[in-house]
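Only one structure is covered here, and it is reproduced in the block below.
Residue numbers (our numbering): 777 to 1246.
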């Protein structure tokens, strides 16, 4: 896949507050069926900046498919004033039914499909029953960004209805449920958030971010979450500034600590990009007027975002992972999931403080999927920590996390070793391969128990077989 093609896919995936899965985004970018715009519109706006940023010919923004009970042109003007930019507004706001928007965005992920395939997020307790079908590159691990939070009209653990999204610089789609006079402040905040995304299109923010993050090929999960945290964090950061100036703070935004902490794991994973992204940007910038600079010099990992590392001094450590899947199994590509995922995953069983402390010493990680003949997935997750004491802390936290999983399922038995746990159909095992490295095996009992694991701080090797495990 070319660099420009990746940029277009990431733009359609992240620019609005409705995000289909990566697989669906690729289809949408080829067919334009999900956006209501042409391929040329979306690609040209991002890759070449097709409209001159200073060429603002008409501030009128017509509404199609319904009406809006707010002064949307004024909201756009206020938003661009906060950003200190003068760009052309969208050419249309389109009001659609919830059913139309679900069709456009692909709807929520089919987490309860009963497929034998399992995402790693699901295996770790993020996402309902933990079972999820999907594409071979694990793109289904990512929960859809269903607009849960400031762009939603209600929510649950399975996802919520999308209130609005911006598929390109030229249009914003608005759910008819929020296009009413019942809560004009919520609608105003929603439009301000989406107008930030239309400005990002005009500023070529997505292509700039891609270049700065050196995305060439398939980005890692941590890079994806970093990218998403900048894109959505920027809109949330501006939205908060809009609240303070024009709404007297009279709107419970997605970036409130209480709202994030009280969310169930699946929703928390989806809205973390808003919450931590906006916190990072508010730490880095005094005002939204300077915000565009982040697109050329973004944080490179979620670790940097979580710790407000604005000088980007926290850099990942080296770690190589070799996996021999064994007979009748296939090996997937290597991925990196990052500190943000680690914190949320262990936080499904640990309290907030302990989860944050356990993840804080993250140095790097590598994840490899192993798939059986019947499509059932197992995973090797190798982690390296900044010091032996940080690895000790994570290993103890992971043990507590797995004890909670096994005890809740009443599946622990005398046959299990101190480093092996069972939760329903899942078997887990931990191996300390060196002073700084901890490995988690998760999946089928046959794979997890038979795998031979060894390694150093910089390199881990796993080979599946029939022999006894460590």
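Beta carbons: idealized from backbone N, C-alpha and C, even for Gly.
Give the DSSP-derived three-state secondary structure of residue i in the structure shown.
i, result
"residue 1182", "helix"
"residue 1230", "strand"
"residue 1235", "strand"
"residue 954", "coil"
"residue 1041", "helix"
"residue 1165", "helix"
"residue 1210", "coil"
"residue 1073", "coil"
"residue 994", "coil"
"residue 940", "strand"
"residue 1033", "helix"
"residue 1105", "strand"
"residue 1058", "helix"
"residue 900", "coil"
"residue 895", "coil"
"residue 1171", "helix"
"residue 1063", "coil"
"residue 724", "Missing from the structure shown is residue 724; the chain here goes from 777 to 1246 and no further."
"residue 1091", "coil"
"residue 917", "Interpretation of residue 917 is limited by its pLDDT of 35, a score under 50 that renders its predicted location unreliable; the figure taken from the coordinates is listed afterwards. If DSSP states are grouped into helix, strand and coil, residue 917 belongs with the helices."
Report the residue from the options whose alpha carbon sits nearest the alpha carbon of residue i.
i, options, result
"residue 1196", "1209, 1179, 1111", "1179"
"residue 837", "1165, 871, 1218", "871"
"residue 1055", "1018, 1013, 1020", "1013"
"residue 1113", "1072, 1045, 1222, 966", "1045"
"residue 1017", "1194, 854, 877, 868", "854"
"residue 1140", "1133, 1132, 1149, 1160", "1160"
"residue 1134", "1109, 1170, 1144", "1170"
"residue 1079", "1096, 1102, 1146, 997", "997"
"residue 980", "1101, 1084, 1234, 944", "944"
"residue 835", "851, 1033, 958, 1236", "851"
"residue 972", "1038, 1175, 948", "948"
"residue 1050", "1086, 1011, 1069, 1034", "1011"
"residue 961", "1111, 1087, 1023, 841", "1023"
"residue 968", "865, 1005, 1081", "865"
"residue 1145", "1234, 1217, 999", "1217"
"residue 940", "957, 958, 966", "966"
"residue 1211", "1204, 1163, 1042", "1163"
"residue 857", "953, 952, 1001, 1067", "1067"
"residue 1099", "1182, 895, 1227", "1227"
"residue 942", "1236, 976, 1076, 957", "976"
"residue 1232", "878, 1094, 1090, 1021", "1094"
"residue 1110", "954, 1241, 1155", "1155"
"residue 1142", "1118, 1073, 957, 1225", "1118"
"residue 1019", "993, 992, 1041, 963", "963"
"residue 1073", "995, 896, 1203, 985", "985"
Could you please give the first and the last residue of the uninterrupted beta strand (DSSP E) stretch that includes residue i?
i, result
"residue 1084", "Neither: residue 1084 is in no beta strand (DSSP E) and is coded neither H nor E."
"residue 948", "947–951"
"residue 1196", "1196–1199"
"residue 975", "That residue, residue 975, is in no beta strand (DSSP E); its alpha helix (DSSP H) goes 960–978."
Could you please give me the residues that DSSP links to residue i through a beta bridge?
i, result
"residue 1050", "Partner(s): none; residue 1050 has no beta bridge."
"residue 1204", "1197, 1218"
"residue 1143", "1111, 1157"
"residue 1097", "1236"
"residue 1148", "1105"
Could you tell me the boundaries of the alpha helix (DSSP H) in which residue i lies?
i, result
"residue 1321", "Outside the shown range of the chain (777 to 1246) lies residue 1321, about which nothing can therefore be said."
"residue 1118", "1114–1122"
"residue 1136", "1128–1136"
"residue 981", "981–988"
Problem set entry | 3-residue-minimum beta strand (DSSP E) runs that sit fully inside the segment 835–892, ordered along the chain | Entirely contained in the segment 835–892, the beta strand (DSSP E) runs reaching 3 residues are, in chain order, 868–872.
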